[in-house]
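Each remark here refers to the structure printed beneath this line.
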Amino acid sequence: MKTIFITGQTLTLDELAAVCRDGAQVQLSPQATKQILESRQVVDMLVDEAATVYGVTTGFGKFSDVTITHDECKQLQRNLIVTHAVGAGEPFPRDVARGIMLLRVNNLAKGFSGTRLNLVETLVEMLNRGVTPVIPRKGSLGASGDLAPLSHMVLPMLGLGQAEYQGQVLPGGEAMARAGIPTVELVAKEGLALINGTQAMTAVGALAVYDALSLLKAANIAAALSFEANRGVEDALDPRVHAVRPHAGQMATAETLRRLLMDSGNVTCQGEIRVQDGYSLRCVPQVHGASQDAIGYVLDKVNIEMNAVTDNPIIFKETMEGISGGNFHGQPMALAFDFLGIALSELANISERRLERLVNPNLGGFPAFLVKNGGLNSGFMIVQYSAAALVSENKVLAHPASVDSIPSSAGQEDHVSMGTIAARKAAEILTNVRRVLAMEMMCACQAVDLMGGAEKLGRGTKPAYRAIRQVCPMLQEDRPLYEDINRCEALLTDGSLVAAVEAAAGEL
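In my numbering, the protein residues as written are 1216 to 1723.
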């Protein structure tokens, strides 16, 4: 079993996915342990001296001017969690909940939060033994941290709330007991240190970025298959065309398509059949490339945020201070995740247009809806309807959440990011895009068969075609197509189609 060592500085997206989805174990590094212990010493000193430090010796939000006595510190921290756990909606998937926990561990390990070591170790044990808090996905403004979701994360640590353990949703205390993990009592600063941060939005968005990187490869494969089926004009992929407009994503996408189509006997030259293709074929490098650049930007932001200090107040051991700031504000991620959703939406928009070129006899020249004996058979007619519905839904979901704000805490917190909503929308858009790409691939393979071009496919498109045909045979007469789409989509979800193509054509 792989072990991920937590330093607070070096967590990667691949490591996050390994813990969230593959069950990799987590271990605090010696440096992280040292940082946590030193940070706690500062908090203990501040409490002993009755220094005025937000959330340590004061109330929260609008109550920041209310002084809390030494004897009230424990009650303050517990009250914070139980009153803030007011999330709504269905729970986050298990991988997201685990991501929230891991990112919180990494944040605390940096040594700027002032928690005790045993508190961080409790979260680590929950990850390693498979105790996953039930965390409702709605209810965060994404500004004073993801307060409601993170409070639900903490509840099982106190013996409250609910948690999933060995496939069962149990009362939090029972899940902890079955796993052999002692519950905890919070002391000064700890409740606030656990919930004041951007870990919910970052976990959702980071996993969406992780999947988007693979989905981008699938989008290029789908485009290449449609290019083959339409006997696309390969001159549009000439590297000289893209060198004179040197956007990195555009040039990389054109190069990827050239490799996927290498040795193809289906592609054509300018003027051989037509002078130029429609935009959904000819402009793939420009459109996919722009999305690639956007996803790269979001990835950079995610890598920063995963290893950042996002709670409040921040404990500085060098000067023995606790300074209130605004690092919990999710705006840097809200803008990034809105951008991610828009970039992903465009991959589906152009994919659906390529699909339309395949099923519409006036555009692609194939039998109507890619089926023989049309009229009796409807073929892929309604596949395009479904794809169109998904891309239209994406247009609604792509409306940016980050342009909205609403004041909270009696006006003390008067600007919020809505970053968690932005992240959730991006993740939902991604699932729609994956479905549309599966539909396009299925239709492209049908078109390739109808034009008799399967044996002339390129170096990358041939293994993609074979992978699809293993789960989805050519349509000869009408059958339930949702089953075919599900199987094609599964090839994208588990990464097997991309892996098969990369084995033949190199890394995409």
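Even for Gly, the Cβ is constructed at its ideal location relative to N, Cα and C.
Could you please give the first and the last residue of the uninterrupted alpha helix (DSSP H) stretch that includes residue i?
i, result
"Ala-1551", "1546-1574"
"Gly-1314", "1309-1324"
"Leu-1169", "Nothing can be reported for residue 1169, as the shown portion of the chain is limited to 1216 through 1723."
"Leu-1476", "Here Leu-1476 belongs to no alpha helix (DSSP H), and DSSP marks it neither H nor E."
"Arg-1650", "1634-1665"
"Lys-1289", "1288-1299"
"Val-1514", "It should be noted that the sequence gives Leu, not Val, for residue 1514. Per DSSP, Leu-1514 belongs to the alpha helix (DSSP H) from 1499-1521."
"Arg-1255", "1245-1263"
"Glu-1722", "Taken as a continuous stretch (DSSP letters only), Glu-1722 belongs to no alpha helix (DSSP H), as it is neither H nor E."
"Val-1335", "1332-1344"
"Pro-1454", "1454-1458"
Along the chain, where does the beta strand (DSSP E) that runs through residue i open and close?
i, result
"Ala-1679", "Note, Ala-1679: premise wrong, no beta strand (DSSP E); alpha helix (DSSP H) at 1676-1686."
"Gly-1406", "Note, Gly-1406: premise wrong, no beta strand (DSSP E); alpha helix (DSSP H) at 1405-1410."
"Ile-1529", "1529-1531"
"Leu-1690", "Run containing Leu-1690: none; DSSP gives neither H nor E here."
"Ile-1538", "1536-1538"
"Ile-1221", "1218-1221"
Counting C-beta neighbours from all protein chains within 10 Å, is the total for residue i 16 or more, i.e. buried, or is it exposed?
i, result
"Met-1656", "buried"
"Arg-1694", "exposed"
"Lys-1217", "exposed"
"Gln-1599", "buried"
"Tyr-1494", "exposed"
"Tyr-1425", "buried"
"Arg-1455", "exposed"
"Ser-1539", "exposed"
"Ala-1358", "buried"
"Pro-1622", "exposed"
"Asp-1629", "exposed"
"Leu-1428", "exposed"
"Pro-1364", "buried"
"Arg-1255", "buried"
"Ala-1265", "exposed"
"Val-1419", "buried"
Please name the residue in the options whose C-alpha comes closest to that of residue i.
i, options, result
"Ala-1434", "Val-1271, Asp-1229, Val-1262 and Val-1648", "Val-1648"
"Thr-1483", "Val-1716, Val-1262 and Gly-1673", "Gly-1673"
"Pro-1386", "Ala-1563, Val-1402 and His-1367", "His-1367"
"Val-1499", "Ile-1510, Arg-1489, Ala-1467 and Glu-1487", "Ala-1467"
"Leu-1645", "Ala-1563, Glu-1698, Thr-1676 and Cys-1660", "Ala-1563"
"Leu-1475", "Arg-1309, Arg-1489, Gly-1223 and Gly-1721", "Gly-1721"
"Val-1513", "Val-1631, Ala-1421 and Ile-1565", "Ala-1421"
"Met-1666", "Asp-1699, Leu-1605, Phe-1581 and Thr-1676", "Phe-1581"
"Pro-1678", "Gly-1382, Glu-1389 and Ala-1714", "Ala-1714"
"Glu-1533", "Glu-1253, Pro-1576 and Lys-1640", "Glu-1253"
"Lys-1640", "Ala-1616, Leu-1373, Ala-1408 and Thr-1225", "Ala-1616"
"His-1544", "Thr-1222, Ala-1558, Pro-1528 and Ala-1427", "Pro-1528"
"Thr-1471", "Leu-1401, Ala-1390, Ala-1458 and Ile-1436", "Ile-1436"
"Ala-1403", "Leu-1570, Val-1384, Lys-1289 and Ser-1506", "Lys-1289"
"Arg-1309", "Val-1459, Ala-1232, Met-1477 and Val-1241", "Ala-1232"
"Leu-1652", "Ala-1604, Glu-1567 and Asp-1664", "Glu-1567"
"Phe-1190", "Asn-1609, Gly-1354 and Met-1341", "This structure cannot settle anything about residue 1190, because the visible part of the chain is limited to 1216 through 1723."
"Asn-1200", "Gly-1675, Met-1654, Ala-1408 and Gln-1240", "Because the chain is modelled from 1216 through 1723, residue 1200 falls outside the range shown and cannot be assessed."
"Ile-1510", "Gln-1485, Arg-1460, Ser-1479 and Leu-1430", "Leu-1430"
"Asp-1229", "Ala-1602, Leu-1317, Gln-1691 and Gly-1464", "Leu-1317"
Who pairs with residue i in a beta bridge, going by DSSP?
i, result
"Gly-1589", "Asn-1592"
"Val-1369", "Beta-bridge pairing links Val-1369 to no other residue."
"Ser-1623", "Glu-1628"
"Pro-1351", "Pro-1306"
"Phe-1584", "Phe-1584 pairs with nothing; no bridge assigned."
"Ala-1358", "Gly-1360"
"Phe-1543", "None, per the DSSP bridge assignment."
"Gly-1380", "The residue you asked about is not Gly; residue 1380 is Tyr in the sequence shown. Per DSSP, Gln-1383."
"Gln-1240", "Thr-1218"
"Thr-1483", "Val-1448"
Count the CB pairs spanning the region 1328-1338 and the region 1292-1300 that are closer than 8 Å, and state whether there are at least three. no
Below 8 Å, can you find three or more Cβ-Cβ pairs linking the region 1540-1558 to the region 1587-1594? no
Would you call the region 1314-1327 and the region 1516-1524 touching, i.e. three or more CB-CB distances under 8 Å? yes
Do the region 1405-1421 and the region 1342-1362 meet, that is, are 3 or more Cβ pairs less than 8 Å apart? yes
Are at least three pairs of beta-carbons, each pair with one atom in the region 1300-1315 and one in the region 1223-1239, less than 8 Å apart? yes
Is it the case that the region 1658-1678 contacts the region 1443-1453, given that we only count it when at least three CB pairs across the two stretches are under 8 Å? yes
Sufficient close CB pairs (3 or more, under 8 Å) joining the region 1629-1645 to the region 1682-1689: no
Pairs of beta-carbons, one from the region 1568-1577 and one from the region 1593-1610, closer than 8 Å: are there three or more? yes
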